[in-house]
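Protein chains in written order, with our numbering: chain A, 1346 to 1670; chain B, 1346 to 1670.
By construction, the Cβ of each residue, glycine as well, lies at the ideal position given by its N, Cα and C atoms.
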């Protein structure tokens, strides 16, 4: 990774804005925070921007209260000589922070997405990095900065969340080598993992109980379905975002090839998510209903009641599974 | 880690028995398999022993079919010049494989438990290692052996299971550095993680639905309880071992300090498990019912019905929580 241009841009700027992407995740938050702490330690004026508030999960990170939300800035009176977008594959991902970006003297794009559009004056893009956090770690090292304990916590949050705790296929030897360096800064791995991966609301736990009780098995165990309704959401008190990941309880059953989650909504539509393991192309299935996604993870929206949606999906999936075996 | 004695014992032996501990886990299985593959590659005659069959989760590992069970050997006619116990803190952990160990010409003990009893002729004990797998990796490197892909898979299974996928407090920089080396051997991290951590039986999933539906919250969300009965076990078809880990769904609720799981049994006893987060010493609670454990994870058995057990526990826990705040 050649950081020369980015480092010299940072060197010559007195004041630097860092932007995290919309619907912020651990990588964009942790990476921006670590770079922010590094810049301040290096005597720079720096500011953090994001369209949305820091998600509760990441509020334990040092300095997370420094993120500024729309309404707290006036880009006309506050132009930055240097703006760095972090973990943003395109300019859409900046959301309302575009107003800061567009008035920058110079722009930098630090990202690891293969789809990155190289939209800035200086583009530091490494699609072999599992997380922007890996790149920020390397950047700080090359700048001669010290990664202290709070920075290591932020970078650990970045790297571990983007790799599913070192379990996704984007995890590389380099990911683990960087994790080794971060652990060397004395971070409390057990507490961090409890915060990042093992904390759920009561509402989410109640919803999970309800959703799991809807489990149905089809085709000799090769298909498992779950569903959630508006009633279940209301009764449990769970947030819509908390349905995320529940489909995995269907997919993780040993005999299952395709896991399906139906989310029936009051407006007469059903959001359908698919996960497959080895041989069913669920993106083709989703596309046939006007949706899309990847071969092993896809989704679509179907008109009608829950029962109608189930029937439509199964009528198309069953013959597909016969063919694709 | 000074491996000199172990390496010279291996060098001078023509035939070597490796023993994994009773109730085998990923570390004892993966470590023994990797060492077995190394010894064979080095031209040694080697054999693998364990009192119990390889758990289904680990049967995908190369050579796992080589493990021999009691009844397949006669220690009188098959004495080994060298026997190596792997991941066994004391001789009890060898179970029936003791008969092989006791007739050995020489014995080696390779382990990472702090409680290790140094019972062998040569004891290679490193309690800073998160897993025996870390030690075996180092041993093979020092022996000048090549860790190939199947050996890396076995060692990854060993290290990742003993560290809760790099999340427990035993995880060190060295753990991640070794993981980096293993990933460098081209192992498929995503598939391995799916097999090791994300595969459950239909029975377990059904039982989880039932157990979560028993969720009760006490003391403004600071206590969460779950239970399982014999009826639920029968109806779900789950194995007794599959109740393991379900208590975490209680502990992981954000407001919860103490998670409790009751397993009421037909014999009129209730097995009670406790997990706490920050300030309740659940081992003291468990001890007051004749049980034991650690400060944050403990258990006991109580006489009576489920309702009686719940009442007894809550009657003692509530005042404890008042005091310990």
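Cutoff 7 Å; reference residue i; Cβ partners in own chain excluding five residues on either side
i	result
residue 1528(B)	1534
residue 1515(B)	1475 and 1508
residue 1442(B)	1364, 1394, 1395 and 1396
residue 1413(B)	1392, 1393 and 1394
residue 1400(B)	1369
residue 1438(B)	1366 and 1367
residue 1633(B)	1661
residue 1575(A)	1610 and 1611
Contacting residues, own chain, Cβ-Cβ under 6 Å from residue i (five flanking each side not counted)
i	result
residue 1562(A)	1569
residue 1486(B)	none
residue 1385(A)	1391
residue 1548(B)	1581, 1582 and 1583
residue 1556(A)	1571, 1573 and 1591
Residue i to residue j span [Cα, whole Å]
i	j	result
residue 1364(A)	residue 1378(A)	10 Å
residue 1604(B)	residue 1627(B)	10 Å
residue 1572(A)	residue 1448(A)	46 Å
residue 1544(B)	residue 1521(B)	24 Å
residue 1323(A)	residue 1397(A)	With chain A represented from 1346 up to 1670, any question about residue 1323(A) goes unanswered, as that position is not in the structure.
residue 1479(B)	residue 1523(B)	7 Å
residue 1646(A)	residue 1497(A)	41 Å
residue 1493(B)	residue 1619(A)	36 Å
residue 1588(B)	residue 1611(B)	16 Å
residue 1388(B)	residue 1353(B)	15 Å
residue 1602(A)	residue 1667(B)	49 Å
residue 1651(B)	residue 1615(B)	6 Å
residue 1407(B)	residue 1586(A)	40 Å
residue 1451(A)	residue 1499(A)	26 Å
residue 1455(B)	residue 1467(B)	9 Å
residue 1531(B)	residue 1425(A)	45 Å
residue 1540(A)	residue 1503(A)	13 Å
residue 1383(B)	residue 1453(B)	16 Å
residue 1664(A)	residue 1622(A)	17 Å
DSSP three-state assignment for residue i, whether helix, strand or coil
i	result
residue 1449(A)	coil
residue 1656(B)	helix
residue 1397(B)	coil
residue 1633(A)	coil
residue 1594(B)	helix
residue 1492(B)	coil
residue 1371(B)	helix
residue 1514(A)	coil
residue 1300(A)	No answer is possible for residue 1300(A): it lies beyond the span of chain A, which begins at 1346 and ends at 1670.
residue 1531(B)	coil
residue 1349(A)	helix
residue 1464(B)	coil
residue 1581(A)	helix
residue 1498(A)	helix
residue 1482(A)	helix
residue 1440(B)	helix
Opposing strand residues paired with residue i [DSSP bridges]
i	result
residue 1456(B)	1470(B)
residue 1504(A)	Beta-bridge pairing links residue 1504(A) to no other residue.
residue 1570(A)	1561(A) and 1605(A)
residue 1365(B)	1431(B)
residue 1390(B)	1360(B)
residue 1645(A)	1617(A)
residue 1412(A)	1393(A)
residue 1638(A)	1643(A)
residue 1521(A)	For residue 1521(A), which the question treats as bridged, DSSP gives no partner whatsoever.
residue 1545(A)	1598(B)
beta-carbon residue i near the ligand NAP non-hydrogen atom, thresh 7 Å
i	result
residue 1433(A)	With respect to the ligand NAP, the structure shown offers nothing to examine, as it has no ligands at all.
Cβ-based neighbour list, residue i, same chain, cut-off 8 Å, excluding 5 preceding and 5 following
i	result
residue 1460(B)	1434 and 1435
residue 1567(A)	1600, 1601, 1602, 1603 and 1666
residue 1490(A)	1383, 1386 and 1387
residue 1551(A)	1580, 1581, 1582 and 1583
Next item on the list: Note down, in chain order, all residues in the segment 1518–1535 of chain A with a beta-carbon under 9 Å from any beta-carbon belonging to chain B.
Entry: 1518, 1519, 1520, 1521, 1522, 1523, 1524, 1525, 1526, 1527, 1528, 1529, 1533, 1534 and 1535
Notebook entry, point to check: Closer than 9 Å, Cβ to any Cβ of chain B: which residues of the segment 1544–1575 of chain A, in chain order?
Noted result: 1544, 1545, 1546, 1547, 1549, 1550, 1551, 1553, 1554, 1555, 1556, 1557, 1558, 1559, 1560, 1562, 1566 and 1569
Margin query: Under 9 Å, CB to CB, which of the residues in the segment 1590–1615 of chain B have a partner in chain A?
Written below: 1593, 1594, 1595, 1596, 1597, 1598, 1599, 1600 and 1601
Margin query: At a CB distance below 7 Å, what residues from the segment 1504–1515 of chain A approach chain B? Give them in sequence order.
Written below: 1510, 1511, 1512, 1513 and 1514
Margin query: At a CB distance below 9 Å, what residues from the segment 1483–1497 of chain A approach chain B? Give them in sequence order.
Written below: none
Margin query: Counting only Cβ-Cβ distances shorter than 7 Å, please list the residues of the segment 1445–1469 of chain B near chain A, keeping chain order.
Written below: none
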